[in-house]
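Peer 1: Let me give you the structure first, and then I'll get to my questions.
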Amino acid sequence: MDCVFCKIVSGDIPAKILKETEHSIAFLDAFPLAKGHVLVIPKKHHQKIQDMSSEENTDLFALVHSMISKVDSLSGSTLVAVHNGKDAGQEVPHVHVHLVPRKANDGADAIHSMFNPMQKLSEDEIDELYEKLKI
2 MDCVFCKIVS
12 GDIPAKILKE
22 TEHSIAFLDA
32 FPLAKGHVLV
42 IPKKHHQKIQ
52 DMSSEENTDL
62 FALVHSMISK
72 VDSLSGSTLV
82 AVHNGKDAGQ
92 EVPHVHVHLV
102 PRKANDGADA
112 IHSMFNPMQK
122 LSEDEIDELY
132 EKLKI
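Numbering follows this note's numbering, in which position 30 of the sequence shown is assigned residue number 31; successive positions increment by one, without gaps.
In structure tokens:
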């Protein structure tokens with residue numbers, strides 16, 4: 002498989018590994034958006050979160066949880082982002098969680114700034130979505 006993250010897991014591509022668990026690995030992003038930008042990935046190749054087993058998912062987000070305090074200590078706030086599929090902005094088709102240190106006036110903005118214009122939904126549309134999405 003020609004996946005850059007799988008090559009990092011296998012050791013074919015060097016990376017600054019910060020922590021490793023049974024199913025996941027955290028490392029410094031090679032193309033950081035901010036100083037201290039960390040990626041947390043499952044070791045096994047999965048394109049989307051819902052493709053992962055419950056055990057892998059739990060392990061991945063436990064590692065995110067353990068890394069976030071370290072990243073947060075760099076600037077005081079951390080953006081946690083997952084692009085779950087190509088249309089969501091996923092550039093590498095392997096699940097990865099971004100931990101990006103944020104600080105005031107860093108040039109980035111809130112998630113709502115990514116969507117212009119924001120959706121204006123009627124009550125009927127909201128009710129329809131609610132029925133489709135509730136578990």
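Beta carbons: idealized from backbone N, C-alpha and C, even for Gly.
According to DSSP, what are the bridge partners of Val98?
Peer 2: Note: Val98 sits in a beta bridge opposite Val41, Val83.
Peer 1: Rounded to the nearest angstrom, what separates Met68 and Ala27 at their Cα positions?
Peer 2: Cα to Cα, the separation comes out at about 8 Å.
Peer 1: What does the Cβ neighbour count give for Ala35, buried or exposed, with the cut at 16 atoms within 10 Å?
Peer 2: Classification of Ala35: buried, given that the 10 Å Cβ count is 16 or more.
Peer 1: Give the secondary structure of Ser78 by DSSP, where H, G and I count as helix, E and B as strand, and everything else as coil.
Peer 2: In the structure shown, Ser78 sits in a strand (DSSP, three-state: E or B).
Peer 1: Would you kindly report the start and end of the unbroken alpha helix (DSSP H) that includes Glu124?
Peer 2: Where Glu124 is concerned, the enclosing alpha helix (DSSP H) stretches over 124 to 134.
Peer 1: By the DSSP assignment, the alpha helix (DSSP H) with Lys8 in it spans what residues?
Peer 2: Counting along the chain, the alpha helix (DSSP H) containing Lys8 begins and ends at 5 to 11.
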